[in-house]
Amino acid sequence: MSATDGQKIAMRGAGYYSANTVGAKYVIDKVADLVVDAVARMPRLANGHPFAIADFGAADGGTSMDMMRRLVGAVRETEPHRAISITYTDLPHNDFSTLFRLSQGLLGPSTDMPLADTPALYIFGSGTSFYRQVLPDNSLSFGFSATAMHWISKRPCMIADHVQAVGASNAEREQFRTQALRDWETILLARARELRSGGRLALANFCIDEEGHYLGHTTAVDMFDCFARHWRDLLRAGRISETEYVNATFQQFYKTPQEFAAPFRDPASSVSQAGLRLEKMFTMVTPCPYAEAFRTHRNAQDFARAYVPTLRSWSETVFANALDSSRPANERSAIIDDFYNAYEADVARAPDEHRMDYVHCVTQIVKL
Numbered sequence: 007m008s009a010t011d012g013q014k015i016a017m018r019g020a021g022y023y024s025a026n027t028v029g030a031k032y033v034i035d036k037v038a039d040l041v042v043d044a045v046a047r048m049p050r051l052a053n054g055h056p057f058a059i060a061d062f063g064a065a066d067g068g069t070s071m072d073m074m075r076r077l078v079g080a081v082r083e084t085e086p087h088r089a090i091s092i093t094y095t096d097l098p099h100n101d102f103s104t105l106f107r108l109s110q111g112l113l114g115p116s117t118d119m120p121l122a123d124t125p126a127l128y129i130f131g132s133g134t135s136f137y138r139q140v141l142p143d144n145s146l147s148f149g150f151s152a153t154a155m156h157w158i159s160k161r162p163c164m165i166a167d168h169v170q171a172v173g174a175s176n177a178e179r180e181q182f183r184t185q186a187l188r189d190w191e192t193i194l195l196a197r198a199r200e201l202r203s204g205g206r207l208a209l210a211n212f213c214i215d216e217e218g219h220y221l222g223h224t225t226a227v228d229m230f231d232c233f234a235r236h237w238r239d240l241l242r243a244g245r246i247s248e249t250e251y252v253n254a255t256f257q258q259f260y261k262t263p264q265e266f267a268a269p270f271r272d273p274a275s276s277v278s279q280a281g282l283r284l285e286k287m288f289t290m291v292t293p294c295p296y297a298e299a300f301r302t303h304r305n306a307q308d309f310a311r312a313y314v315p316t317l318r319s320w321s322e323t324v325f326a327n328a329l330d331s332s333r334p335a336n337e338r339s340a341i342i343d344d345f346y347n348a349y350e351a352d353v354a355r356a357p358d359e360h361r362m363d364y365v366h367c368v369t370q371i372v373k374l
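Every position in the sequence shown, counted from 1, becomes a number in our numbering once 6 is added.
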């Protein structure tokens, strides 16, 4: 879940994101077979051309590291001497230092050979968002992105009495939808320019699925409603201002499968005209690993202490940036800590009601 241009405070470093988003890794591991199958069906490159891979919205790279090993291995199975490059892309303030340390095996215990030690594999980082072209024309062999492209390029409006578009008014939600669909076209056209003929994309994006489920909304308790309620409690207690309350608007939108597919189903669309075709699309729900573990150990406090940090790992920037920058830093930190502590207490009181199941739309796209 990469941050966006509108977020001024960077996520915590030193592997905090990967360490607290094990569910995001499970999602990537689930689509790894799709990735390997797609590579096996790709036409061979001419001699002298590297097999270029890109991970768009990579964060610190930890959640996709194992999948990248499989992807590189799949290429080497058919072309053992082919040079391979991986370009990890994200925003300029992304935690690239942790990414490179993870790829070099310099952070955290690992029994695997560091990815960067793979012969004839070249790893790069690009501080360019996926709304722009990152790689030269016709150079990309395989593009990947997971749990990132729900972030939109700008907030079309503030949400008056909620924090995310799923709880917005109809008028507010339509503005977010319009922006998200425009961004989706922008993303696809940038990838169309980068991809070589026969190149592919594998994307796993948050969505609202056929059952109306989305991230944190697969049971009676809605995660974003909880965020909004606890943020509203701070307003009522006089801890934050009305402006700060409204400013906590997530720069996100969850599209439906139909909205993901629409540009490909119209032969006259700019995406279709650019040569992109939708090969596969399906939705999947990945159970919250913390809630699943709680079903076994039944310790409510342990569950709450493990569960809330995974929410905090990707949401904290939204709430921290909503606070007035003139507040002293320690005051802002105390407000944010109290906010998540209240959520943790909420989870501990009713642990069976809380879970953050991941709901994704997986698409495989080819350039003719």
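Yeah, the Cβ is synthetic: ideal placement off N, Cα and C, and Gly gets one too.
Length of the line joining the Cα atoms of residue i and residue j
i: Val33; j: Pro86; result: 28 angstroms
i: His219; j: Pro293; result: 12 angstroms
i: Asp123; j: Leu112; result: 12 angstroms
i: Met229; j: Asn53; result: 51 angstroms
i: Ala280; j: Ile92; result: 24 angstroms
i: Lys14; j: Asn327; result: Because Lys14 sits at a pLDDT of 38, beneath the cut-off of 50, its placement in the model cannot be relied upon, and the following sentence gives the value as read from the coordinates. Between Lys14 and Asn327, the C-alpha separation is close to 7 angstroms.
i: Asp343; j: Met71; result: 31 angstroms
i: Leu209; j: Ala243; result: 42 angstroms
i: Leu221; j: Tyr364; result: 5 angstroms
i: Arg304; j: Ala356; result: 12 angstroms
i: Asp61; j: Pro49; result: 21 angstroms
i: Tyr296; j: Gly79; result: 31 angstroms
i: Glu322; j: Ser275; result: 37 angstroms
i: Asp118; j: Ala177; result: 50 angstroms
i: Pro56; j: Arg88; result: 6 angstroms
i: Phe256; j: Ser145; result: 34 angstroms
i: Glu83; j: Glu337; result: 55 angstroms
i: Leu194; j: Val45; result: 20 angstroms
i: Cys319; j: Tyr313; result: First, the residue type needs correcting, since residue 319 is Ser and not Cys in the sequence shown. Distance between the alpha carbons of Ser319 and Tyr313 is about 10 angstroms.
i: Leu127; j: Tyr94; result: 13 angstroms
i: Gly204; j: Ile371; result: 10 angstroms
i: Gly173; j: Ser278; result: 33 angstroms
i: Ile214; j: Arg197; result: 24 angstroms
i: Thr302; j: Phe309; result: 11 angstroms
i: Gly114; j: Ala171; result: 37 angstroms
i: Leu329; j: Ser247; result: 9 angstroms
i: Ala186; j: Phe300; result: 35 angstroms
i: Gln181; j: Ser159; result: 13 angstroms
i: Ala38; j: Ser332; result: 46 angstroms
i: Leu40; j: Leu207; result: 11 angstroms
i: Asn211; j: His223; result: 16 angstroms
i: Pro334; j: Arg245; result: 13 angstroms
i: Glu217; j: Ala226; result: 14 angstroms
i: Asp272; j: Glu285; result: 15 angstroms
i: Ala232; j: Lys31; result: Here residue 232 is Cys; the residue named in the question, Ala, does not match the sequence. Roughly 24 angstroms separates the two Cα atoms.
Identity of the residues DSSP links to residue i by a beta bridge
i: Ala208; result: Phe150, Gln370
i: His223; result: Tyr220
i: Lys286; result: Gln370
i: Leu127; result: Ile90
i: Phe309; result: According to DSSP, Phe309 bridges with nothing at all.
i: Thr292; result: Tyr364
i: Ala60; result: Thr93, Gly149
i: Ser132; result: Thr95
i: Lys157; result: According to the sequence provided, residue 157 is Trp. The question's Lys does not apply to it. The partner list for Trp157 (beta bridge, DSSP) reads Gln258.
i: Cys232; result: The partner list for Cys232 (beta bridge, DSSP) is empty, contrary to what the question assumes.
i: Leu201; result: Leu146
Reference residue i, options the options, closest by Cα
i: Gly29; options: Arg361, Ala354, Asn336, Arg271; result: Arg361
i: Arg138; options: Asn211, Asp96, Ala268; result: Asp96
i: Asn347; options: Asp363, Glu359, Gln307; result: Gln307
i: Ala58; options: Arg355, Cys213, Pro142; result: Pro142
i: Arg47; options: Leu329, Arg183, Ser147, Gln185; result: Ser147
i: Thr316; options: Glu350, Ala335, Glu337; result: Glu350
i: Val324; options: Thr184, Ala310, Ala38, His168; result: His168
i: Glu359; options: Ile371, His236, Ser339, Glu298; result: Glu298
i: Asp35; options: Leu51, Ala152, Ser109; result: Ala152
i: Arg283; options: Leu374, Lys31, Ser109, Leu108; result: Leu374
i: Pro269; options: Phe136, Ile158, Asp189, Val353; result: Asp189
i: Val353; options: His223, Arg311, Ser331; result: Arg311
i: Ala267; options: Asp231, Ala154, Thr369, Arg245; result: Thr369
i: Arg202; options: Ser175, Asp43, Leu51; result: Leu51
Beta-carbon separation (whole angstroms), residue i vs residue j, contact threshold 8 angstroms
i: Leu121; j: Arg76; result: Not a contact, Cβ separation roughly 11 angstroms.
i: Gly149; j: Asn100; result: So it is not a contact: roughly 17 angstroms between Cβ atoms.
i: Ile341; j: Leu240; result: 7 angstroms
i: His156; j: Gln258; result: 5 angstroms
i: Ser109; j: Ile129; result: 5 angstroms
i: His236; j: Phe345; result: 6 angstroms
i: Glu200; j: Val140; result: 7 angstroms
Are the stretch 61-80 and the stretch 94-108 in contact at 8 angstroms, needing three or more beta carbon pairs?
yes
Would you check if there are 3 or more beta carbon pairs closer than 8 angstroms linking the stretch 251-265 to the stretch 163-175?
yes
Could you say if the stretch 255-271 and the stretch 284-292 meet the contact criterion of at least three C-beta pairs nearer than 8 angstroms?
yes
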